[in-house]
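Visitor: Below are the structure tokens for one structure; questions will follow.
Number of protein chains: 2
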Amino acid sequence: MAAEIESVPQGTVTSPEGFFAGATSAGINKKAAGKLDLAILFSEAPCVAAALFTTNRIKAAPLVLSQQRLKQGGAGAVVVNSGCANACTGERGLAHAAEMAKLTAEGIGILPDDVLVASTGVIGVPLPMKRVRSSLEQIILSRDGGHELAQAIMTTDTLAKETAVKVRVGDSEFTIGGVAKGSGMIHPDLATLLCFLTTDAAVEKGFLKKALKKAVDVSFNMISIDGDTSPNDMVLLMANGLAGGVPDDAFQQALERVCTYLAKSIARDGEGASKLIEVTVAGAPNLAEARSAARTVVSSSLVKAAIHGADPNWGRIMAAVGRSGVEVVESKVDLYIGDIPVVKAGRPQPFNKRGIVQLLRGREVAISLNLNLGSGKATAWGCDLSEEYVAINSRYMT
Amino acid sequence: MAAEIESVPQGTVTSPEGFFAGATSAGINKKAAGKLDLAILFSEAPCVAAALFTTNRIKAAPLVLSQQRLKQGGAGAVVVNSGCANACTGERGLAHAAEMAKLTAEGIGILPDDVLVASTGVIGVPLPMKRVRSSLEQIILSRDGGHELAQAIMTTDTLAKETAVKVRVGDSEFTIGGVAKGSGMIHPDLATLLCFLTTDAAVEKGFLKKALKKAVDVSFNMISIDGDTSPNDMVLLMANGLAGGVPDDAFQQALERVCTYLAKSIARDGEGASKLIEVTVAGAPNLAEARSAARTVVSSSLVKAAIHGADPNWGRIMAAVGRSGVEVVESKVDLYIGDIPVVKAGRPQPFNKRGIVQLLRGREVAISLNLNLGSGKATAWGCDLSEEYVAINSRYMT
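Here is the structure:
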């Protein structure tokens, strides 16, 4: 049974039935006066939920709390702030996260244990709880509040990242929505990313977990901005069941579409980035090696800087794949920039330099490698490395 | 028996007895007209030799040739060029490397099999052999030619990297000299680095190999500029025995001193770098984890950019050690910037922001972490990430 998947115009995390959101400007980040920085996402029907968290050994307080709560049950709401990561903040940080959840629960009228917490921003600074307390009361939840939430979770992001798809398959119809933030500290195994996904499909918890893991593996786990990961990374999927049961494969397909869209939006909007880089590795001995090779190339500072300057220095791509730890036989490698063959069977091909420079100047640059050793294939996304990235990150706190 | 180790004034790779070098400007890199770019290093007495090569699966032609020759025997001379890596150049590249060795051997009057070859520069471009042939004849070897060789192997390096130490222990006296080049594509497991080490000590081949590996592990394998490694990396140690036998421990100690000096010089002179960063991790469960943690912190783009801007964003250091894959218990971690405690037992400490900014503005920034879990300790070196790094690497070829 084929599923029809279409984008929802102005789709967001509150596009699925029964989801509400709202945000306010709490002044958590004093340097971004007036910016929305505190938000709530709420489902009027109880949710089954699944989440993936950072692999970083340093875990932010809100993440520790959310991880515990998700083990015990579902999730009815999420409260999230930007401007302060509430990480490396010790016992006080945990108390702050718990208080945020409690105040949110009281405002909505649900149990504190059903509220998850997420934060993003500077590490090592305590949350200004006085402001958080007085601001939480001011948040007004609405059916199209997803757009406000998408704004509220932005830090150095230049664009809000949100989308939704509507799926029709047989007699059933359901929606999946999502918002995300990214920008810096983005690398496979999650990243400084927050992503909230919602659906009105009725999905069993075990399947929801597997579906999320699978979707994240081909999307958020295939993007890299700078090789760093953060203590706050979290991808959460809430399913409230209001649209009834749906076929597993249609759900998986739609979820991967939403996640890939958001992941690419994050890569494209990396700190200081001027373009999206897409690296596809085919012919690897297996899928794991294809993934690893694609991720290594898209993460290479030298490759990223060369593409930033539209410099056809393809040797750096060869060098990056060579150090990826993946099996590579130089005399078998094919390399394309866009559609232009640059290396065939390990031999440099004569190419029109102007043509390549033109391609590299585009807003999207595609690099493909065929290792010609097996059938493993994977795609990774990243962005160029610009002077602006350094400028942003050399005065983030000061 | 304690060894007295002292620096040789203006020490270089030809400081040990019996070593000669010379260089010329062959015009291999057309953009650096007049720059020395082709050099020969030669020992008048036959050498025992040991080397470490890149772990990159893509290996440059000169490296393939040198690796084969070293397996079969020793090394009497090295011919080296900058401006062209002779990598990804297929059969033709191998023929070019072999011809360079043959011409060098003929000029000196030794066997071609005793000549090793090294190259550094742009990948994927064939060597301009006509220029190489006519220029090799012009090289004049001399006892203080090491300085010319140090100049000739530079690419984006801003300073020549060379040193020598004289060691007195009991009745014996010997010298170890070395030159290196670095700059970009520098990461543990060697890097875009060439390093030639020489000694007049008489050392048995088996010990020479082990001593080199051990010295490289605490020096060149502990530096990172940008996370990339190259197809051309090579560290070569030649021992001609003219000074007679020496105690193993004195040799090891002196060799590590030379290698650490050169490695730190490379880190300090990373592309676009304005300062040296030294990261020491103590209290790791074991040595391997200490090494891994120190290398991860010194390689983090976010840490490097923050230090560039003298931004006291220490949370990024915590986040980097947290993602290093090493065992970390947040509540046990101590973090110092210079001598100033920033985190104690996982808790942020109040600190004088101006004091830290002052420290971060220095030419050398020391970061120390104690994980308080075991006795593993290691130090890694790197440099800050500047707008200039991006500028250099976005127009390397164009």
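Keeping their order, the protein sequence lines are chains A and B. Residues in the first sequence are numbered from 1 upward in steps of one, following the numbering used here. Residues in the second sequence are numbered from 1 upward in steps of one, following the numbering used here. Where a beta carbon is used, it is the ideal one built from N, C-alpha and C, also for glycine. Bear in mind that the values here come from a model prediction, so they are computed numbers and not experimental data.
(1) So residue 55/B contacts chain A; which residues on that side make the cut at Cβ distance below 8 Å?
(2) Can you give me the C-alpha to C-alpha distance between residue 260/B and residue 158/B, rounded to a whole angstrom?
(3) Is residue 347/B close to chain A, meaning its C-beta is less than 7 Å from at least one C-beta of that chain?
(4) Which chain A residues sit within Cβ distance under 8 Å of residue 330/B?
(5) Do residue 317/A and residue 303/A have their C-beta atoms within less than 7 Å of each other?
(6) Pull up the distance between the alpha-carbon of residue 121/A and that of residue 22/A, whole angstroms please.
(7) So residue 385/B contacts chain A; which residues on that side make the cut at Cβ distance below 7 Å?
(8) Examine the Cβ distances between the region 261-277 of chain A and the region 356-369 of chain A and report whether three or more of them are shorter than 8 Å.
(9) Report yes or no: do the region 84-101 of chain A and the region 252-269 of chain A share at least 3 C-beta pairs separated by less than 8 Å?
(10) At a cut of 8 Å, does the region 290-300 of chain B reach the region 241-259 of chain B through at least three beta carbon pairs?
(11) Would a C-beta distance cut-off of 7 Å place residue 177/A and residue 309/A closer than the cut-off?
(12) Using the beta-carbon count (16 or more within 10 Å), is residue 408/B buried or exposed?
(13) Starting from the Cα of residue 279/B, find the closest Cα among 49/B, 9/B, 337/B and 44/B and give me that residue.
(14) Pop quiz: residue 83/B and residue 348/A are said to be a contact at Cβ under 8 Å. What is the actual Cβ separation, rounded to whole angstroms?
(15) Using only the alpha-carbon positions, how far apart do residue 154/B and residue 345/B sit?
(16) Work out the CA separation of residue 61/B and residue 29/A for me, nearest whole Å.
(17) Alpha carbon to alpha carbon, what distance is there between residue 283/A and residue 331/A?
(18) Between residue 188/A and chain B, is the shortest Cβ-Cβ distance under 7 Å, so that the two count as touching?
(19) Look at the alpha carbon of residue 20/A and the alpha carbon of residue 42/A, and state the distance between them as a whole number of angstroms.
(20) Residues of the region 308-322 of chain A in Cβ contact with chain B at a cutoff of 9 Å, in chain order, please.
(21) Between residue 147/B and the rest of its own chain, which residues show a CB-CB distance below 6 Å, the 5 nearest in sequence each way excluded?
(22) Residue 33/B: buried (16+ other C-beta within 10 angstroms of its C-beta) or exposed?
(23) Any idea what DSSP makes of residue 301/A, helix, strand or coil?
(24) Can you give me the C-alpha to C-alpha distance between residue 70/B and residue 49/B, rounded to a whole angstrom?
(25) For the region 120-133 of chain B, which residues have a beta carbon sitting closer than 7 Å to at least one beta carbon of chain A?
(26) Anything in the region 338-368 of chain A with a Cβ closer than 8 Å to a Cβ of chain B? List those residues in chain order, please.
(27) Helix, strand or coil for residue 232/A? Go by DSSP, reduced to three states.
(28) If we call anything under 7 Å between Cβ atoms a contact, is residue 238/A one with residue 75/A?
(29) With H, G and I counted as helix, E and B as strand and the rest as coil, what does DSSP make of residue 265/B?
(30) My guess is that residue 44/A and residue 18/A are in contact by the Cβ rule of under 8 Å, so how many angstroms apart are they, rounded?
(31) May I have the straight-line CA-CA distance separating residue 187/A from residue 15/B, to the nearest angstrom?
(32) Which whole runs of the alpha helix (DSSP H) in the region 158-223 of chain A are 4 residues long or more, in chain order?
(33) Please return the same chain residues whose Cβ sits closer than 6 Å to the Cβ of residue 372/A, not counting the five positions on each side in sequence.
(34) Could you have a look at residue 378/B and say whether DSSP puts it in helix, strand or coil?
(35) What residue from 322/B, 370/B, 324/B and 323/B has the CA that sits closest to residue 342/B's CA?
(36) Quick one: does residue 405/A have its CB under 7 Å from some CB of chain B?
Guide: So, from the listed chains and residues:
(1) Going along chain A in sequence order, the residues near residue 55/B (Cβ under 8 Å) are 323.
(2) In this model, residue 260/B and residue 158/B are separated by some 19 Å (Cα to Cα).
(3) Residue 347/B counts as touching chain A.
(4) At a beta-carbon threshold of 8 Å, the residues of chain A lying near residue 330/B are 57, 58, 59 and 88, ordered along the chain.
(5) Yes. Within cutoff.
(6) Straight-line Cα distance between these residues: approximately 20 Å.
(7) The answer, in chain order, is 390.
(8) When Cβ pairs closer than 8 Å are counted between the two stretches, the region 261-277 of chain A is seen to touch the region 356-369 of chain A, the count reaching three or more.
(9) The region 84-101 of chain A, when compared against the region 252-269 of chain A, does not touch it at the 8 Å Cβ threshold.
(10) No, the region 290-300 of chain B does not touch the region 241-259 of chain B.
(11) In this structure, residue 309/A does not lie closer than 7 Å to residue 177/A by Cβ.
(12) Chain B is shown only over 1 to 398; residue 408/B falls outside these bounds and no answer can be derived.
(13) By alpha-carbon distance to residue 279/B, the top candidate from 49/B, 9/B, 337/B and 44/B is 337/B.
(14) Incorrect: roughly 17 Å between the Cβ atoms, too far for contact.
(15) Across the structure, residue 154/B and residue 345/B are spaced so that their CA atoms are roughly 45 Å apart.
(16) Cα-Cα distance, rounded: 54 Å.
(17) The straight-line gap from Cα to Cα measures roughly 14 Å.
(18) Bear in mind that the predicted position of residue 188/A carries a pLDDT of just 43, short of 50, making it too unreliable to give a figure here.
(19) Roughly 5 Å between the two C-alpha positions.
(20) The residues in question are 308, 309, 310, 311, 312, 313, 314, 315, 316, 318, 319, 320, 321 and 322.
(21) Listed in chain order, the non-local C-beta contacts of residue 147/B below 6 Å within the same chain comprise 12, local neighbours out to five positions each way being set aside.
(22) Under the 10 Å beta carbon count, residue 33/B is surrounded by fewer than 16 other beta carbons and is classified as exposed.
(23) Three-state DSSP puts residue 301/A in a helix.
(24) Their backbone Cα atoms lie some 7 Å apart in a straight line.
(25) Under the 7 Å Cβ criterion, the region 120-133 of chain B contributes 122, 123 and 124.
(26) Residues passing the 8 Å Cβ filter: 343, 346, 347, 348 and 357.
(27) It is coil, neither helix nor strand.
(28) Yes, they are a contact pair.
(29) Residue state, collapsed to three classes: helix.
(30) 5 Å between Cβ atoms; contact.
(31) At residue 187/A the pLDDT is 49, less than 50, meaning the model places this residue with poor confidence and gives no usable figure here.
(32) Runs of the alpha helix (DSSP H) inside the region 158-223 of chain A: 205-217.
(33) Within the same chain, and ignoring the five residues on either side of residue 372/A in sequence, the residues whose Cβ sits closer than 6 Å to its Cβ are 283 and 332.
(34) If DSSP states are grouped into helix, strand and coil, residue 378/B belongs with the strands.
(35) When only C-alpha atoms are compared, the closest one is 370/B.
(36) Outside the shown range of chain A (1 to 398) lies residue 405/A, about which nothing can therefore be said.
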